[in-house]
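Numbering-wise (our numbering), the sequence shown opens with residue 642 and increments by one.
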Amino acid sequence: MAKKWVYLFGELDEAEAYVGGDWEDILDLFGGKGANLAEMERIGIPVPPGFTVTTEACNAYLSSGGQFPEGMWDEILDALKTVENLTGKTFSDPKNPLLVSCRSGAKFSMPGMMDTVLNIGLSDETAAGMVELTGDERFVYDAYRRLIQMFGSVVAGVADDAFEEILEAERHDAGVSSDSDLDAEAWKRVTQRFKTTYRRQSHHNFPTKPLDQLRMATEAVFKSWNGKRAVDYRNAAGITHDLGTAVNIVTMVFGNMGEDSATGVAMTRDGSTGEKQIEGDYLTNAQGEDVVAGIRLTKDIVLMKDEFPEAYSEFETIAENLETHYREMQDVEFTIEKGKLWMLQTRDGKRTAQAAVRIAVEMADEGLISRQEAVQRVAPEQVDFFLHPQFSRKSVKTAKETGGFLANGLNVSPGAACGVVALDADLAESWAKEEGKDVIMVRPETKPDDVHGMLASKGILTSRGGRTSHAALVARQFGKPAVVGVSDMEIDMGKRQIIVKNQTLREGDWVSIDGTAGEVFSGQLETQIPDIKDRWLMKLLEWADEFRQLGVWTNADYPEDAQRAREYGAEGIGLCRTEHMFFEPDRLPHVQKMTMADLPIERQESLRVLLPFQREDFMGLFRVMDGLPVIIRLIDPPLHEFLPNHADLLRELGDLKIRLQHAATVADIDAIMKEVRTKELILNRVESLHEANPMLGLRGVRLGIHIPELTVMQVRAIFEAACIVGKEGVRVHPEVMIPLTSHVNELKRQRQVLEQEARKVMTEQNTEIEYKFGTMIEIPRAALTADQIAEYAEFFSFGTNDLTQTTFGISRDDAEAGFLIEYLENEILPSNPFATIDRDGVGELMHTALTKGRSVKPDLECGICGEHGGDPDSIQICHQLGLNYVSCSPFRVPIARLAAAQASLADMTAG
Ligand code: ADP
Ligand code: MG
Ligand code: MG
């Protein structure tokens, strides 16, 4: 098929034949706006006649250094002829002039980045002709001055302010506050003055020949693709630069031809709640951009029902048809010209996460899409929305109506936050820590030395940077809401203030940021936590459960957490960290005593005190998890973690010695001396436990082997608890897990101790408990020798936090606070391996462990309990590896259910 640069809206079939029939390719060729205009025309929706100049033409123009590709202009003239025939009007003909708009439109919408010129074709001659024709001088000159204004700013780079000043003066002279109150004479004057301004600022006359206008506007849209704002936007949004923009030439229809005309925008469903109800705004007697520009107060679309009953009912039908056709909620632009409705644009509507969920579920219920599609349409991150504070809809609406909305930026870390502006990290930290203020740290961009301020802040706001900027990465890592790359924001460090558009905020003023939507507001907006038990979300997750193969378990140490996780749909506990229980204030002294003990006998004494505490904890967990598996991990961290910090001890000893010098009585001296001796003992122990590299030191199974009494106590607590609640009728399924195994012999040893003690307890209690014994796989050696290990384990649980550390040989704390950010910024690593499983390294070790383990025990239960278990990308890897379940924090259980379903649905469609 011969290459064409220009396609009429009616020539979609031809374009499809050219690209090979794929809609994605049509989007590439026509851009979103053009493709959908053509598609609307094809399905019989009223669209003003027009045509699209392809993105290929744009790219050819740009790569030739600014030459229209051969034949393009002739094709435009041909297409224009056809449009003239269709409309019965003629371009440049004063007797019945055709006017068109020239609209940019790339594959992805790039809000505010590229431009549109309306009313092309007006000149002094055609304007006069139109006055004849319409008898409406006011309308014609209003349209004419708009052309000069838009053409001036889009094509000739005339600053809009210059035009606004003239309008302002004109309104002032006429004593009116709104443009709509200016009369024909005023618009005629404005038109002349605009032309003068145009000439002064661009050093050219405003082009009087309509074809010149069309050519120049087309060229300007092509060029706008490489404009700085567009390039910055694409860099930030991760859109490639080689797509190019299409140009759509569309016959003008006029919403400003009197009281029987109007223009508006609408969504086929409510974009905030998702309710199936048309939502929109319109203006009577106005032209397109007035609605969005906010110059006049718009009317709610429900009013259109009374004002334009026929057009409204047609509009309702069209909305329905569009939804049926696109099987998606649509966002449309329309104009009513003398009672006749025209559609000017349609695209998939933007929506809040809440609306996304409701729309997906209701569309499936309506039979518009399948349940699979509904499950696939909601991003797991959108489920996250239900867990973070958000601004209430009311407060956002009020802010937007009262000028509180400042700017848009990139939504890089979800959640809403309010705080006072602090312009540097030290101030942010001191305000937050010393004065207890809520702070939003505002910077041009952030650097590693800003991290302390970021941590102390409620949220982060930057004027530069993209999705992988330092600010974005750190914010996500620490769960701080963040908006970055707010290019409309200027930071004046000299005056300690920020300027956004025309508003100034001083340091210390309140600002509110929405990291979910990427919006910035002045003042303090009201926040609220959305309901995770949202009716539609619950339904969507139930559907997800039908599709997923992975089980979803939870990491929970306390009964309350386990309870919450069960409510969210957890099917087991994949990790209970017993050491958390040791840090409780009433237990820590005994844990410390145990740590301090030199003799096994003293140690046992403390352990005996701890036993009932642990038993209680486990009983609570078993009760909550009635009928479900509970994996309990024996103690993991190095012992020194339970003792006071070395530096603190030294300082305290110093203080005591000073007090000693000032002690007044012998009794005081004795008391202080006693304290000194205790502290010295502890200090000695801390020093003797000191390890050069505690992460690789005496911890995990090594500790259990070193202090077998500890294992015995924990096992006893587990089995006593199981027996006791078992007798209450609770169905208990304990699974005992050994951490940090690297050699099978470690497991063998521990297993012996465990089995012996378990048997003892069961005999004492006269109850049989079915249990499993297994290990974490978090050391590469364990993964590599998993066949040997599987001989002594009934389950594996991948501890991917440690496995990542030991595979990369990097310590997480040091990495994430330091060089890792640099690695990510420079793309040395594609993503943070502590957030998403490193497929090639860690993933490969997991694969090896699974294969080897299951070669020995085909039904070996395998899961993951590292933080990756709640990360959608990692969940997909787990699904592909064939794990039995993922285990994650209670709050991430709903996200994991959805991600697991999506992983298996992706599998089904791929296979
Ligand atoms: P954007 O992508 O910024 O929305 P558009 O190309 O959609 O820019 O146009 C800006 C405004 O002008 C919209 O309100 C649109 O409906 C209106 N508009 C564009 N073309 C026409 C036309 N031919 N007739 C009437 N209004 C139009
Ligand atoms: Mg538009
Ligand atoms: Mg570990």
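No residue lacks a Cβ here, since even glycine has one placed at the ideal position from N, Cα and C.
Residue burial classification, residue i (beta-carbon count within 10 angstroms, cutoff 16)
i            : result
residue 822  : exposed
residue 1239 : exposed
residue 652  : buried
residue 1241 : exposed
residue 1314 : exposed
residue 1411 : exposed
residue 1003 : buried
residue 1344 : buried
residue 730  : buried
residue 1533 : buried
residue 1474 : buried
residue 1169 : exposed
residue 1089 : exposed
residue 1253 : exposed
residue 1491 : buried
residue 1358 : buried
Pairwise C-alpha distance: residue j and residue i
i            : j            : result
residue 765  : residue 849  : 7 Å
residue 1425 : residue 1502 : 18 Å
residue 796  : residue 1019 : 40 Å
residue 1447 : residue 1283 : 24 Å
residue 672  : residue 695  : 8 Å
residue 1306 : residue 1336 : 46 Å
residue 1053 : residue 1159 : 7 Å
residue 1292 : residue 1453 : 29 Å
residue 1393 : residue 1443 : 25 Å
residue 1092 : residue 1086 : 12 Å
residue 746  : residue 940  : 27 Å
residue 1102 : residue 1142 : 16 Å
residue 761  : residue 713  : 19 Å
residue 669  : residue 693  : 12 Å
residue 913  : residue 1008 : 22 Å
residue 981  : residue 952  : 7 Å
residue 1420 : residue 1441 : 9 Å
residue 1200 : residue 1264 : 8 Å
residue 985  : residue 824  : 28 Å
residue 767  : residue 898  : 17 Å
residue 1260 : residue 1368 : 11 Å
Among the options, nearest to residue i - alpha-carbon criterion
i            : options                : result
residue 759  : 892, 697, 845          : 892
residue 1361 : 1324, 1383, 1400       : 1400
residue 1031 : 994, 788, 981, 809     : 994
residue 786  : 830, 735, 1520         : 830
residue 1062 : 1436, 870, 684, 1163   : 1163
residue 1107 : 659, 873, 738          : 873
residue 1144 : 1045, 1235, 1155       : 1045
residue 771  : 1182, 790, 734         : 734
residue 1350 : 1319, 1260, 1328, 1248 : 1248
residue 881  : 917, 1455, 903, 871    : 871
residue 896  : 889, 949, 867, 847     : 949
Same chain, Cβ closer than 7 Å to residue i, neighbours up to 5 away in sequence not counted
i            : result
residue 1340 : 1277, 1278, 1279, 1381
residue 1272 : 1214, 1215, 1216, 1217, 1376, 1378, 1438
residue 1464 : 1470
residue 1250 : 1231
residue 1165 : 1059, 1151, 1153
Within-9 Å CB hit, residue i to chain D
i            : result
residue 1429 : Although the question refers to chain D, the structure presented lacks it and comprises just one protein chain.
DSSP bridge partner residues for residue i (one or two, in chain order)
i            : result
residue 1488 : None; residue 1488 has no bridge partner.
residue 1528 : 1194
residue 1052 : 1124
residue 1084 : 1103
residue 981  : 978
residue 1162 : 1046, 1153
Close Cβ partners of residue i (< 8 Å) along its chain, the five nearest in sequence each way excluded
i            : result
residue 1321 : 1294
residue 800  : 794, 842
6 Å Cβ shell around residue i - same chain, five flanking residues per side excluded
i           : result
residue 861 : 795, 796
residue 855 : 761
residue 618 : The shown model of the chain, from 642 to 1552, leaves out residue 618, and the question about it has no answer.
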